[in-house]
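Only one structure is covered here, and it is reproduced in the block below.
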Amino acid sequence: MNESSPNLTVECSANVNKTMQDADFAVVAKWIIPVVPENTVYQNHCLVVKDEKILDIIRFSDLEQRYNVKNVIDLKEMNSDTSSSISSTSEYILAPGFINMHTHNAMSLLRGYADDVSLHDWLTKFIWPAEAQHVGEEFVKVGTELACLEMIKTGTTCCNDMYYYPEVSAQVIEQFGMRATLAAPIIKFPTVYAQSEQEYIEKGIQLIEKYKDHSKIKISLGPHAVYTITDEAYLQVKELSEKYGVKIHTHLHETCHEVSEEVKVSGKKPIERLRDLGILSSSLIAAHMTQVTKEDLDLAAKSGINVVHCPESNLKLGVKGVSPVHKLLKQGVNVAIGTDSAASNDDLDMLGELRTAAYIDKLSANTHSLEGGEPVTPSYKILSMATINGAKALGIDDKVGSLQIGKFADFIAVKVSSHPVYDPISHLVYVGTNHVTDVWVAGKQLLRNSRLTTVNENQLKSRVLEFSQKIHASRPKTSLTVIS
670 MNESSPNLTV
680 ECSANVNKTM
690 QDADFAVVAK
700 WIIPVVPENT
710 VYQNHCLVVK
720 DEKILDIIRF
730 SDLEQRYNVK
740 NVIDLKEMNS
750 DTSSSISSTS
760 EYILAPGFIN
770 MHTHNAMSLL
780 RGYADDVSLH
790 DWLTKFIWPA
800 EAQHVGEEFV
810 KVGTELACLE
820 MIKTGTTCCN
830 DMYYYPEVSA
840 QVIEQFGMRA
850 TLAAPIIKFP
860 TVYAQSEQEY
870 IEKGIQLIEK
880 YKDHSKIKIS
890 LGPHAVYTIT
900 DEAYLQVKEL
910 SEKYGVKIHT
920 HLHETCHEVS
930 EEVKVSGKKP
940 IERLRDLGIL
950 SSSLIAAHMT
960 QVTKEDLDLA
970 AKSGINVVHC
980 PESNLKLGVK
990 GVSPVHKLLK
1000 QGVNVAIGTD
1010 SAASNDDLDM
1020 LGELRTAAYI
1030 DKLSANTHSL
1040 EGGEPVTPSY
1050 KILSMATING
1060 AKALGIDDKV
1070 GSLQIGKFAD
1080 FIAVKVSSHP
1090 VYDPISHLVY
1100 VGTNHVTDVW
1110 VAGKQLLRNS
1120 RLTTVNENQL
1130 KSRVLEFSQK
1140 IHASRPKTSL
1150 TVIS
């Protein structure tokens, strides 16, 4: 690297311990971004793994003198394409696996089902009728399989999901080898999954008990939103969250309509209603928060809630406003990033979400701020939102979210084919040609040279095609002209 961005730290070595140790494998890369410490890059180092965890980050030239490694993985050699001149010039970045903090995974089967319509029409004319007709255990199974395929291929190693039949999602995600926190859905309307708030809650308790000791799958409570949950259910959720030590995952201040209607009904904004019910705390994960006043900012900061920024979904659905990330971070609020569902995004690609989040932050900070006022969020902070901040929100930052000795080896390799590279962190966030090629979770490789290791992709795609044909047959007519 010939040049470095201001304040970027380029480390020489992470460990000076010279005692020889055994290790399972080491991955060599041009750059390693640990995220913690922030704005830091290890150059010409390798990540050493033993017993599912990170043993060291060490200069490659020192590896043989420090460790007896069973397998040294040179990504340039392993993923080389002899027919391509680009492969020989490509370099790799290692980074923590992304944590997608707001998903509805099964809705991947509704990707592109309704585009270019208002949020109201999107829900009432397309999504809700489709869910009423098609959602069941098989829908959730196939949809979650499709989501896991896409998430792993784009570098997500952990997701924070909310949808029906979370017990089915848990089985699928476990099969794929990912981590997840799955919200037990709670809503005051009867659905195919449950008939009352109490039934939703009882199913949630069963799931919490079942997965309380699972190493990768955790359960949270998922009251959908203030306009779909009663105060009585919220109070039960609060009690159960405290009893079991689980998180609460909800939609909050997503639209102007949500806020204004709640004021009409209760005389309070949604965040104020949750405050009065005792829901606001570090256990709360609030998705969206696009409608935020100074008073809301102060309340979010004082209560310690976690906010999930979903910029692409908000843009596509035409939500009036974006989450003021720079202001939230300045107030000390923990902000993570999520894609929302593939039905409203239309993908689960966290690299793309990072880039959009960085652009939108500059727009929301407005032009005069860029000319000497409030600073925008730097790229290394944006990357933290997709990694360590998500881990903090889920309460697993002692285990994952950064590449640090003793944490689980959840990491990704990203091929960089567009040069020059002056600042690898900025390059990862802003350059759209970067491509995730390899993924590990707890030291197990889930993606090798862009192909899954745990699931037959062709068989999965056949199941998706078969189910999507059923959905397409009942899709409302649009203005699209199809000539056969």
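Following my numbering, the numbering of the sequence shown begins with 670 at its first residue and continues without gaps. Each residue gets a CB set at the ideal place from its N, CA and C atoms; glycine is no exception.
Beta-carbon proximity list for residue 808, same chain, < 8 Å, skipping 5 on both sides: In the sequence shown, residue 808 corresponds to position 139, counting from 1. Close CB contacts of residue 808 within its chain, under the 8 Å cut and outside five residues either way in sequence, are with 775, 778, 1136 (chain order).
Test item: CB-CB of residue 1013 and residue 1027 under 8 Å: Position 344 of the sequence shown, counting from 1, holds the residue named residue 1013. Position 358 of the sequence shown, counting from 1, holds the residue named residue 1027. Going by C-beta atoms, residue 1013 is not nearer than 8 Å to residue 1027.
Please determine, among 974, 952, 938, the residue with the shortest C-alpha to C-alpha distance to residue 960. The sequence position of residue 960 within the sequence shown is 291, counting from 1. Here the closest residue by C-alpha is 938.
Which residues DSSP lists as bridging residue 772, in chain order: One-based indexing of the sequence shown puts residue 772 at position 103. Residue 772 is bridged to 830.
Rounded to whole angstroms, what is the Cα-Cα separation between residue 951 and residue 692? The sequence position of residue 951 within the sequence shown is 282, counting from 1. The sequence position of residue 692 within the sequence shown is 23, counting from 1. In a straight line, the C-alpha of residue 951 is about 37 Å away from that of residue 692.
In chain order, what residues of the same chain lie with their CB nearer than 6 Å to the CB of residue 1031, ignoring the 5 residues before and after it? On the sequence shown, residue 1031 is found 362 positions in, with the first residue counted as 1. Apart from the 5 residues on each side of it in sequence, residue 1031 sits with its Cβ closer than 6 Å to the Cβ of 1045 in its chain, given in chain order.
Report yes if the CB atom of residue 1096 is closer than 8 Å to the CB atom of residue 1110, and no otherwise. For the purposes of this step, residue 1096 is taken as the residue at position 427 of the sequence shown. For the purposes of this step, residue 1110 is taken as the residue at position 441 of the sequence shown. It is not a contact, given that the beta carbons lie outside the stated cut-off.
Hey, quick one: how far does the alpha helix (DSSP H) through residue 1136 stretch, first residue to last? As a working mapping, residue 1136 is identified with position 467 in the sequence shown. Boundaries of the alpha helix (DSSP H) harbouring residue 1136: 1126-1142, taken from the DSSP string.
Buried or exposed: which applies to residue 1033, given that a residue is buried once 16 or more other Cβ atoms fall within 10 Å of its Cβ? Position 364 of the sequence shown, counted from the first residue, corresponds to residue 1033. Flag for residue 1033 reads buried.
Ends of the beta strand (DSSP E) at residue 889? Position 220 of the sequence shown, counted from the first residue, corresponds to residue 889. First-last of the beta strand (DSSP E) with residue 889: 886-892.
Inter-residue CB distance, residue 1072 and residue 768 (contact presumed, cutoff 8 Å): Walking along the sequence shown from the start, residue 1072 turns up at place 403. Walking along the sequence shown from the start, residue 768 turns up at place 99. Wrong, their Cβ atoms sit about 14 Å apart, outside the cutoff.
Own chain partners of residue 852 with C-beta closer than 6 Å, once the 5 adjacent residues on each side are dropped: Sequence index remark: in the sequence shown, residue 852 carries index 183 (1-based). If you ignore the 5 residues before and after residue 852, its C-beta comes within less than 6 Å of the C-beta of 831, 889, 891, 918, all in its own chain and listed in chain order.
With distances taken Cα to Cα, identify the nearest neighbour of residue 955 among 987, 932, 985, 916. For this step, residue 955 is matched to residue 286 along the sequence shown. When only C-alpha atoms are compared, the closest one is 916.
Which of the three DSSP states is assigned to residue 1152 in this structure? For this step, residue 1152 is matched to residue 483 along the sequence shown. Secondary structure at residue 1152: coil, using DSSP grouped into helix, strand and coil.
With a 10 Å radius around its C-beta and 16 neighbouring C-beta atoms as the bar for buried, classify residue 1036 as buried or exposed. The sequence position of residue 1036 within the sequence shown is 367, counting from 1. Unreliable placement is indicated for residue 1036, whose pLDDT of 44 sits below 50; the coordinate value is still reported in the next sentence. By the C-beta density criterion, residue 1036 is exposed, having fewer than 16 other C-beta atoms within 10 angstroms.
Using the rule of at least 16 other Cβ atoms within 10 Å of the residue's Cβ for burial, across every protein chain shown, is residue 791 buried or exposed? Here residue 791 corresponds to residue number 122 of the sequence shown, with the count starting at 1. Its Cβ being crowded by 16 or more others within 10 Å, residue 791 is buried.
Sufficient close CB pairs (3 or more, under 8 Å) joining the stretch 930-947 to the stretch 870-888: Contact fails: fewer than three Cβ-Cβ distances are below 8 Å.
Taking Cβ to Cβ, would you say residue 1082 is nearer than 8 Å to residue 761? Reading the sequence shown from its first residue, position 413 is the one you call residue 1082. Reading the sequence shown from its first residue, position 92 is the one you call residue 761. Remark: C-beta atoms of residue 1082 and residue 761 approach each other more closely than 8 Å.
Quick one: Cα of residue 718 to Cα of residue 736, how far? Taking the sequence shown and counting its residues from 1, one reaches residue 718 at position 49. Taking the sequence shown and counting its residues from 1, one reaches residue 736 at position 67. Annotation: residue 718 to residue 736 spans about 11 Å, alpha carbon to alpha carbon.
Identity of the residues DSSP links to residue 723 by a beta bridge: As a first step, residue 723 is located in the sequence shown; it is residue number 54 there, counting from the start. According to DSSP, residue 723 bridges with 718.
Classify residue 755: buried if its beta carbon has 16 or more other beta carbons within 10 angstroms, exposed otherwise. Here residue 755 refers to the residue found at position 86 when the sequence shown is read from its first residue. Reliability of the predicted coordinates at residue 755 is poor, the pLDDT of 48 falling under 50, and the value obtained from them is presented with this limitation in mind. Exposed, because fewer than 16 other Cβ atoms sit within 10 Å of the Cβ of residue 755.
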